[in-house]
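Here the structure is laid out as structure tokens; the discussion comes afterwards.
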Amino acid sequence: MNIRKAERSDAKYIHELITELAVYEKLEDEVKASVSDLEKSLFDDNHAEVLVAEVNGVVVAYAIYFYSYSTFLAKRGIYLEDLYVTKNMRSKGIGKGLLSELAKIAIDNNYGRLEWSVLNWNKPAIDFYNSIGAESLTGWTVNRLTGNKLLELSEL
Numbered sequence: 694m695n696i697r698k699a700e701r702s703d704a705k706y707i708h709e710l711i712t713e714l715a716v717y718e719k720l721e722d723e724v725k726a727s728v729s730d731l732e733k734s735l736f737d738d739n740h741a742e743v744l745v746a747e748v749n750g751v752v753v754a755y756a757i758y759f760y761s762y763s764t765f766l767a768k769r770g771i772y773l774e775d776l777y778v779t780k781n782m783r784s785k786g787i788g789k790g791l792l793s794e795l796a797k798i799a800i801d802n803n804y805g806r807l808e809w810s811v812l813n814w815n816k817p818a819i820d821f822y823n824s825i826g827a828e829s830l831t832g833w834t835v836n837r838l839t840g841n842k843l844l845e846l847s848e849l
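The numbering of the sequence shown is the working numbering, which starts it at 694 and goes up by one.
Have a look at this one:
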């Protein structure tokens, strides 16, 4: 296994894996991004960072992350937007390897935390995160505005 920063030429593989993730999460209708959208947002505009994991030269997993900020810690953090390992490569240490690399980035830069969300029905992922010592936060609800609701609020 080789973990490295993604390159523009990886966008097509990342897109394929994003689509797999969306199918797994039963959200395939929500994938609107194209390969060229990913190339622009990730490699031209630098909206997020991406690590990929390769096995025998084939991209089999990715982690997309961006930087957050904790007012309580007065430190930057990492927010993991997606971590996905293709189905036939799970339970081989690839997800743990990607998370370990993100933890190294956080420690090396004196960031205060690494955070992510998980769907509450995704027991395999929850069990995996628990196995590495992640703390599930209770008492917090994720809120989101998109599409017309976001537009409506911007016009108040």
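Glycine is no exception: its CB is placed at the ideal position from the N, C-alpha and C atoms.
In the structure shown, what three-state DSSP assignment does residue i receive?
i	result
residue 781	helix
residue 788	helix
residue 706	helix
So who's on the other strand from residue i, going by DSSP bridges?
i	result
residue 776	756
residue 696	746
residue 763	768
Less than 8 Å separating the beta-carbons of residue i and residue j?
i	j	result
residue 779	residue 720	no
residue 753	residue 782	yes
residue 699	residue 773	no
residue 653	residue 771	Missing from the structure shown is residue 653; the chain here goes from 694 to 849 and no further.
residue 791	residue 767	no
residue 714	residue 775	yes
residue 728	residue 746	no
residue 789	residue 825	yes
residue 718	residue 812	yes
Would you check whether the ligand NAP has a heavy atom nearer than 7 Å to the C-beta of residue i?
i	result
residue 728	Ligands in the displayed structure: none, and consequently the ligand NAP is not present.
Review point. Could you give the uninterrupted runs of the beta strand (DSSP E) lying entirely in the stretch 806-843, keeping only those of 3 residues or more?
Key: 807-809
Point to revise | At least three beta-carbon pairs within less than 8 Å, the stretch 790-810 to the stretch 746-763 | key: Pairwise C-beta distances place the stretch 790-810 in contact with the stretch 746-763, as three or more of them are shorter than 8 Å.
Review point. Residue ranges of each beta strand (DSSP E) run of no fewer than 3 residues wholly in the stretch 710-749, ordered along the chain?
Key: 742-748
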